[in-house]
Structure formats: C-alpha cells, structure tokens
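Read in order, the letters of the sequence shown correspond to residues 921 to 1220 in this note's numbering. Backbone N, C-alpha and C define an ideal beta-carbon position, used for all residues, glycine too.
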Amino acid sequence: MRIASSTFFSNTNLVLQQRQLELARVQEEIATGRKVLNLGKDPVAARNMLQQQGRLRHLDSRRSSMQTADMLLSTSDGVLHSIQEAVKTVYEKAVQLGNDSYSLQDRQFGANLVAEIREHILDLANTEVNGRFIFGGLDNNNAPYDALGAFNGDNGQVVVSLGSVDPAGNLKVVEATVEGGQPFEDPAGVGPNLFGIIDNLVAELNANDGPGIQALIGDLRDGLDRVLSARQSVGTFQVKIQGVQDADDLSEAASQALLSQAGDTDPLEAVQRLRETQTSFQAAMVLASRLEGLNLVNFI
C-alpha cells in the first residue's frame, strides 16, 4: 500500500508538470498567434512550413531580379522612343532636302541640324543604368559607341534566370536588354550602322548632292525600322516579365495561405483548449495538494 501511494504521488507530480507545460504552451499560442511552437513535435507541419518559407524566399529573390530587369527594359523603351523620334526627324529631313528645289544654303543648314541630332542619338546609344550600358551587350568596360560612331560592345544580351528549367532541361530566363548594338547595327554586318548612314547624309547635304541625298533615304528607312524592331522586342520582354510577376504573385498568395494554415492558430479553438487545460491543471493541483496532506510515513 505504501509503495502504491509513493508511485501515485510521483505520477501525480508528473501529470501536474505536464499540465503546467501544456497551459504555458497554449497561452503562448494565443499570445503569438502561432500554432506550431516546437517544430520537432510536429514534423508534418514543420516540413510544410519549411517548404513554404523556402518558396517565399525564392519568390522574393526572383522578384528583386524581375524588378531590375523591368527597370532596364523600361529605360530601354524610353530611350528607344527618343531615338525613334530623332531618326524619324533625320529621315524626314532627307526626304525634304533631297528635292532639287533646295539651295546649298538650305542643305548646309539642314546638315548642321542633322549633325546635332546625330550627337543626341550617340548620347542615347551610350545610356547607362546602374553601371550597365543598356545597348552594349555584356561588355560594361566601355561605352558601346565612340565619337566616330564605331561599336565597341558585343552582341550579348543580359538575361535573368527564373531558377527553373523547361521540359528540355534548359534554364528558363527572361531578357533584360536587347542584343548589343541591335538598334543601330546592320544585322548582315555589311552596310554602315545608323551613325555611318547619318554621317553620309551630312556629307551629301554639305556637298549639295540631291541624288546622293535621295540614295540614302532607303538606308535611313532601314535604320528607323531597326530601332522600331528593337523597341518591339523590348515590349515583348516586358510582357513576358509581367506574366512571370503575375504568376509569382499568385504563387506567393498560395504559399502564404498554406503557411498560415500550417502555422497559425485558430483563436476560438485555442481559447477552448486553454479553458480545458486550465481545468485539467486545476484538478491536478487539487489532487497534489491533497497528497501533500498525507503523512510522509505513508510514502516510505
């Protein structure tokens, strides 16, 4: 009988300690709003939470990369628009001044205007964003175009990895720039680039050569088309990035919901468990106090 009482006393103390720990845990759940406090005790919830947290970190990192790419493309679009308008003006001047009704003085005045526009286009072609020349390809050591209009970059293209692969095993990327020199260079690599064409026009205007001016109109049209094509490519890349961002927003919302489901506590359910735990703890306290009133001799 004495052994049974001793054992009963020890078990009661153990139950009291367990109820006290459970009470503290439920109180902490209510205070923090988090259901899982010890991940080691709930491996399924822990695994789900870690998976969603990793997913959210990946999405956050990719969002930063997408923002950088979007900034480069937005700048490229604005710059290309300015170049487009400038080349259009040069083209219109060539069409206008190619007419034989214009004098040498008229054409020389036009030559000065075209030369100024050419310098403006050159400055735009060397646009730099956060240390990157947006039309220089992958070469960031030098401005893509020198004062003579010669291309010093490469035909590389800045891309941003999405951190996944397609069914063929290729890394998925989104483009952040057009290919180096694309808006200005002859894709066949045979004829002069846009700056060479404009330089030729300035020379023909100063020489008062009407047929020579007219012969360059087609080249200017091609140059303008290259700028337009580059701008269309930028628009396509922007749509692609927007699609990735929209999909990531949905994925983030889903991960947040799963993370909340795995880790957030239900306030009503937690309060109910608190009441039950308090009742159980109080019962254990009453029992323990009764045992303490027994004579110590009964437990030895």
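Item checked: Residues near residue 985 by beta carbon distance below 8 Å, same chain, minus five either side -> For residue 985, where only same-chain residues beyond five positions count, the Cβ hits under 8 Å are 1080, 1081.
Notebook entry, point to check: Roughly how many angstroms separate the alpha carbons of residue 971 and residue 1140, rounded to a whole number?
Noted result: 56 Å
Check: residue 1164 and residue 1000: beta carbons closer than 8 Å?
Finding: no
Next item on the list: With DSSP collapsed to three states, give me the class of residue 984.
Entry: The three-state secondary structure of residue 984, taken from DSSP, is helix.
Checklist line | residue 1093 - partner residues in DSSP beta bridges | finding: 1081
Note to self: Looking only at its chain, what residues have a beta carbon closer than 6 Å to the beta carbon of residue 1172, apart from the 5 residues adjacent to it on each side?
What the structure shows: 979
Next item on the list: Pick helix, strand or coil for residue 1172, following the three-state DSSP scheme.
Entry: If DSSP states are grouped into helix, strand and coil, residue 1172 belongs with the helices.
Notebook entry, point to check: In whole angstroms, what separates the C-alpha of residue 1066 from that of residue 1178?
Noted result: 55 Å
Check: Heavy atom of the ligand SAH less than 7 Å from the Cβ of residue 1106, yes or no?
Finding: Ligands are entirely absent from the displayed structure, and the ligand SAH is therefore not among its contents.
Margin query: What would DSSP say about residue 957, mapped onto helix, strand or coil?
Written below: In this prediction, residue 957 scores a pLDDT of 49, lower than 50, which makes its location untrustworthy; the coordinate-derived value is nonetheless stated afterwards. DSSP places residue 957 in coil when its eight states are reduced to three.
Notebook entry, point to check: Hey, how far is the Cα of residue 1032 from the Cα of residue 1073?
Noted result: 28 Å
Margin query: Can you tell me whether residue 977 is buried or exposed? The criterion is at least 16 other CB atoms within 10 Å of its CB, across all chains shown.
Written below: Classification of residue 977: exposed, given that the 10 Å Cβ count is below 16.
Check: Does the Cβ of residue 1267 have 16 or more other Cβ atoms within 10 Å, making it buried, or fewer, making it exposed?
Finding: Nothing can be reported for residue 1267: it is not among the residues displayed for the chain, which extend from 921 to 1220.
Check: Since residue 1039 is in the alpha helix (DSSP H), which residue starts that stretch and which ends it?
Finding: 1024–1045
Item checked: Close beta carbons around residue 1128, own chain, < 6 Å, minus the five adjacent residues each side -> Cβ within range, chain order: 1024, 1027.
Next item on the list: Work out the CA separation of residue 1168 and residue 1116 for me, nearest whole Å.
Entry: It is roughly 45 Å from the alpha-carbon of residue 1116 to the alpha-carbon of residue 1168.
Check: Quick one: is residue 990 buried, meaning 16 or more other Cβ sit within 10 Å of its Cβ, or exposed?
Finding: buried
Note to self: Going by C-alpha to C-alpha distance, which of 1012, 1176, 1059, 1084 sits closest to residue 1137?
What the structure shows: 1012
Checklist line | Buried versus exposed, by CB contacts within 10 Å (16 or more), residue 1034 | finding: buried
Notebook entry, point to check: Do you know whose CA, among 1088, 1151, 1107, lies nearest residue 1098's CA?
Noted result: 1151
Next item on the list: Give the secondary structure of residue 1110 by DSSP, where H, G and I count as helix, E and B as strand, and everything else as coil.
Entry: coil
Check: By DSSP, does residue 1055 sit in helix, in strand, or in coil?
Finding: coil
Note to self: Let me check understanding here. Comparing Cα to Cα, which of 1092, 1049, 1009 lies closest to residue 1030?
What the structure shows: Nearest to residue 1030 by alpha-carbon distance, out of 1092, 1049, 1009, is 1009.
Next item on the list: Could you check the C-alpha separation between residue 1130 and residue 1112 for me, to the nearest Å?
Entry: 20 Å
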